[in-house]
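Each remark here refers to the structure printed beneath this line.
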Amino acid sequence: MSAPFEERSGVVPCGTPWGRWYQTLEEVFIEVHVPPGTRAKDVCCNLQSRHIALSVRGQDVLQGKLFDSTVTDEGTWTLEDRNLIQIVLMKTNRDAGNCWTSLLENEYAADPWVQDQMQRKLTLERFQKEANQLIFLLSINLFSYLHQNPGFDFSGAEISGNYSKGGPDFSSLEK
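Position 10 of the sequence shown, counting from 1, maps to 1055 under the numbering used here, and the rest follow consecutively.
Here you go:
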(Lines of atoms letter the chains of each structure in order from A and count residues from 1; the text may use other names and numbers.)
(Lines give C-alpha, C1' and ligand atoms only; values in the text may rest on other atoms or scores of the structure.)
Protein backbone atom coordinates (compact mmCIF):
# COMPACT_ATOMS: atom_id res chain seq x y z
CA MET A 1 0.00 0.00 0.00
CA SER A 2 1.30 3.44 -0.86
CA ALA A 3 1.94 6.17 1.67
CA PRO A 4 -0.86 8.65 2.44
CA PHE A 5 -1.27 11.56 0.03
CA GLU A 6 0.22 14.14 2.43
CA GLU A 7 3.35 12.02 2.96
CA ARG A 8 3.93 11.75 -0.78
CA SER A 9 3.17 15.37 -1.62
CA GLY A 10 4.18 17.24 1.53
CA VAL A 11 2.11 19.57 3.67
CA VAL A 12 1.30 23.28 3.47
CA PRO A 13 1.91 24.55 7.02
CA CYS A 14 0.73 27.78 8.57
CA GLY A 15 3.33 29.05 11.04
CA THR A 16 2.31 30.36 14.47
CA PRO A 17 4.19 31.72 17.50
CA TRP A 18 3.92 28.30 19.20
CA GLY A 19 4.51 26.04 16.16
CA ARG A 20 2.36 25.35 13.09
CA TRP A 21 -0.89 23.86 11.82
CA TYR A 22 -1.86 22.24 8.53
CA GLN A 23 -4.75 20.29 7.09
CA THR A 24 -5.85 17.47 4.81
CA LEU A 25 -9.34 16.79 3.48
CA GLU A 26 -10.20 14.90 6.65
CA GLU A 27 -7.95 16.21 9.42
CA VAL A 28 -6.34 19.27 10.97
CA PHE A 29 -2.86 18.81 12.48
CA ILE A 30 -1.48 21.12 15.15
CA GLU A 31 2.18 20.99 16.21
CA VAL A 32 3.10 22.88 19.38
CA HIS A 33 6.73 23.29 20.45
CA VAL A 34 7.08 22.93 24.23
CA PRO A 35 10.08 23.25 26.54
CA PRO A 36 12.49 20.27 26.35
CA GLY A 37 11.80 17.72 29.05
CA THR A 38 8.04 18.37 29.11
CA ARG A 39 6.16 15.36 30.46
CA ALA A 40 2.63 14.25 29.66
CA LYS A 41 1.52 15.12 33.19
CA ASP A 42 2.60 18.75 32.47
CA VAL A 43 0.09 18.95 29.60
CA CYS A 44 -3.61 19.74 29.88
CA CYS A 45 -5.40 19.41 26.55
CA ASN A 46 -9.17 19.75 26.19
CA LEU A 47 -10.60 18.99 22.74
CA GLN A 48 -14.24 19.67 21.98
CA SER A 49 -16.18 19.86 18.72
CA ARG A 50 -15.67 23.63 18.29
CA HIS A 51 -13.22 24.48 21.07
CA ILE A 52 -9.63 23.73 22.02
CA ALA A 53 -7.68 24.51 25.17
CA LEU A 54 -4.02 23.60 25.67
CA SER A 55 -1.83 24.52 28.60
CA VAL A 56 1.66 23.36 29.50
CA ARG A 57 2.93 23.58 33.09
CA GLY A 58 -0.05 25.79 33.93
CA GLN A 59 0.61 28.28 31.10
CA ASP A 60 -2.09 28.71 28.43
CA VAL A 61 -0.63 28.03 25.00
CA LEU A 62 -3.66 27.75 22.75
CA GLN A 63 -7.29 28.40 23.55
CA GLY A 64 -10.38 29.36 21.57
CA LYS A 65 -13.16 28.48 19.20
CA LEU A 66 -12.05 26.34 16.25
CA PHE A 67 -12.63 27.60 12.71
CA ASP A 68 -15.11 24.76 12.04
CA SER A 69 -16.51 21.73 13.82
CA THR A 70 -14.61 18.52 14.46
CA VAL A 71 -15.54 15.01 15.58
CA THR A 72 -14.93 15.18 19.34
CA ASP A 73 -14.32 11.46 19.86
CA GLU A 74 -11.68 11.38 17.12
CA GLY A 75 -9.44 14.17 18.44
CA THR A 76 -6.10 13.05 19.91
CA TRP A 77 -2.92 14.56 21.26
CA THR A 78 0.52 13.07 21.79
CA LEU A 79 3.76 14.31 23.30
CA GLU A 80 6.69 13.48 21.03
CA ASP A 81 10.32 13.45 22.17
CA ARG A 82 9.27 15.48 25.23
CA ASN A 83 9.41 18.70 23.19
CA LEU A 84 6.51 18.61 20.68
CA ILE A 85 2.77 18.18 21.16
CA GLN A 86 0.97 16.83 18.10
CA ILE A 87 -2.82 17.34 18.05
CA VAL A 88 -4.97 15.68 15.38
CA LEU A 89 -8.56 16.81 14.84
CA MET A 90 -11.01 15.02 12.52
CA LYS A 91 -13.03 17.49 10.44
CA THR A 92 -16.81 17.06 10.46
CA ASN A 93 -17.06 18.45 6.90
CA ARG A 94 -14.52 16.56 4.79
CA ASP A 95 -14.68 17.96 1.28
CA ALA A 96 -12.24 20.08 -0.68
CA GLY A 97 -14.48 23.13 -0.30
CA ASN A 98 -13.92 23.04 3.46
CA CYS A 99 -10.46 24.54 3.55
CA TRP A 100 -9.94 26.15 6.95
CA THR A 101 -8.64 29.70 6.53
CA SER A 102 -7.55 29.87 10.16
CA LEU A 103 -7.14 27.48 13.05
CA LEU A 104 -9.33 29.46 15.43
CA GLU A 105 -12.04 31.93 14.57
CA ASN A 106 -10.14 35.18 13.88
CA GLU A 107 -6.80 33.79 15.06
CA TYR A 108 -3.85 31.96 13.46
CA ALA A 109 -5.06 32.72 9.93
CA ALA A 110 -3.13 31.57 6.92
CA ASP A 111 -1.83 34.40 4.77
CA PRO A 112 -3.36 34.61 1.26
CA TRP A 113 -0.51 32.70 -0.43
CA VAL A 114 -0.58 29.87 2.16
CA GLN A 115 -4.38 29.78 1.94
CA ASP A 116 -4.19 29.42 -1.84
CA GLN A 117 -1.63 26.61 -1.52
CA MET A 118 -3.79 24.85 1.10
CA GLN A 119 -6.83 25.01 -1.20
CA ARG A 120 -4.80 23.68 -4.13
CA LYS A 121 -3.53 20.84 -1.96
CA LEU A 122 -7.01 19.86 -0.78
CA THR A 123 -8.31 19.95 -4.36
CA LEU A 124 -5.48 17.68 -5.53
CA GLU A 125 -6.10 15.36 -2.58
CA ARG A 126 -9.78 15.19 -3.58
CA PHE A 127 -8.80 14.36 -7.19
CA GLN A 128 -6.47 11.62 -5.92
CA LYS A 129 -9.17 10.17 -3.68
CA GLU A 130 -11.75 10.21 -6.48
CA ALA A 131 -9.30 8.65 -8.95
CA ASN A 132 -8.51 5.85 -6.47
CA GLN A 133 -12.23 5.21 -5.96
CA LEU A 134 -12.80 5.14 -9.73
CA ILE A 135 -9.93 2.69 -10.26
CA PHE A 136 -11.31 0.47 -7.49
CA LEU A 137 -14.81 0.50 -9.01
CA LEU A 138 -13.47 -0.18 -12.49
CA SER A 139 -11.39 -3.09 -11.23
CA ILE A 140 -14.45 -4.60 -9.50
CA ASN A 141 -16.55 -4.20 -12.65
CA LEU A 142 -13.82 -5.68 -14.84
CA PHE A 143 -13.36 -8.61 -12.48
CA SER A 144 -17.10 -9.21 -12.49
CA TYR A 145 -17.23 -9.00 -16.30
CA LEU A 146 -14.30 -11.38 -16.73
CA HIS A 147 -15.83 -13.81 -14.24
CA GLN A 148 -19.14 -13.78 -16.11
CA ASN A 149 -17.45 -13.84 -19.53
CA PRO A 150 -14.47 -16.20 -19.50
CA GLY A 151 -12.15 -15.76 -22.46
CA PHE A 152 -12.80 -12.03 -22.77
CA ASP A 153 -14.49 -12.43 -26.18
CA PHE A 154 -15.31 -9.21 -28.06
CA SER A 155 -17.02 -11.01 -30.97
CA GLY A 156 -20.51 -9.95 -29.86
CA ALA A 157 -19.55 -6.46 -28.72
CA GLU A 158 -20.86 -3.25 -30.25
CA ILE A 159 -19.00 0.03 -30.47
CA SER A 160 -20.37 3.53 -30.90
CA GLY A 161 -18.70 6.61 -32.28
CA ASN A 162 -16.50 7.18 -35.32
CA TYR A 163 -13.71 4.62 -35.14
CA SER A 164 -12.48 4.56 -38.72
CA LYS A 165 -9.01 3.13 -39.32
CA GLY A 166 -9.23 0.86 -36.26
CA GLY A 167 -10.05 3.43 -33.61
CA PRO A 168 -7.86 5.94 -31.78
CA ASP A 169 -4.07 5.65 -31.98
CA PHE A 170 -2.57 5.18 -28.50
CA SER A 171 0.97 4.47 -29.67
CA SER A 172 2.15 7.96 -28.73
CA LEU A 173 1.25 7.21 -25.08
CA GLU A 174 3.79 4.40 -24.81
CA LYS A 175 7.02 5.22 -23.01
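C-beta atoms are modelled at their ideal positions from N, C-alpha and C, and glycine is treated no differently. Quick caveat, the model's predicted, so the values are computed rather than measured.
Just to confirm my understanding: we take Cys-1090, look at its own chain, exclude 5 residues before and 5 after, and list those with CB closer than 6 Å. What are they? Leu-1099 and Trp-1122
Along the chain, where does the beta strand (DSSP E) that runs through Arg-1065 open and close? 1064-1068
Glu-1170, buried or exposed, once every other Cβ within 10 Å from all chains shown has been counted against 16: buried
Inter-residue Cα distance where the pair is Leu-1070 and Gln-1173: 11 Å
Could you give the residue range of the beta strand (DSSP E) that holds Gln-1108? 1104-1110
Short of 6 Å in beta carbon distance, which residues of its chain neighbour Ile-1132, apart from the five on each side in sequence? Order them along the chain. The residues are Ile-1075 and Trp-1122.
7 Å Cβ cutoff met for Leu-1111 and Arg-1127: no
Neighbourhood of Pro-1081 by C-beta distance below 7 Å, restricted to the same chain and skipping five residues each side: Arg-1127 and Asn-1128
Report whether the distance from the Cβ of Phe-1172 to the nearest heavy atom of the ligand SAM is below 6 Å. The ligand content of the structure shown is nil, which means the ligand SAM is not present either.
Compute the Euclidean distance between the alpha carbons of Trp-1158 and Gln-1193, then round it to the nearest angstrom. 52 Å
Alpha-carbon to alpha-carbon, Ser-1189 and Glu-1072: In a straight line, the C-alpha of Glu-1072 is about 35 Å away from that of Ser-1189.
For Met-1046, three-class secondary structure by DSSP: Note that Met-1046 scores 46 on pLDDT, short of 50, meaning its location in the model is unreliable and no value can be drawn from it.
Does the distance from the C-beta atom of Gln-1160 to that of Thr-1146 stay below 7 Å? yes
Can you give me the C-alpha to C-alpha distance between Cys-1059 and Leu-1183, rounded to a whole angstrom? Just so you know, the alpha carbons of Cys-1059 and Leu-1183 end up roughly 38 Å apart.
Boundaries (first-last residue) of the beta strand (DSSP E) holding Gln-1093: It is not in any beta strand (DSSP E) - Gln-1093 carries neither H nor E in the DSSP assignment.
Could you work out which residue in Thr-1115, Val-1079, Asp-1140 and Val-1056 is closest to Pro-1062 when comparing CA atoms only? Its Cα nearest to that of Pro-1062, the residue Val-1079 stands out among Thr-1115, Val-1079, Asp-1140 and Val-1056.
On the premise that Gly-1120 lies in contact with Leu-1149, defined as a C-beta separation below 8 Å, what is that separation, rounded to the nearest angstrom? With a Cβ gap of about 15 Å, Leu-1149 and Gly-1120 do not count as contacting.
Option in Gly-1055, Asp-1105 and Gly-1064 with minimal Cα separation from Val-1077: Gly-1064
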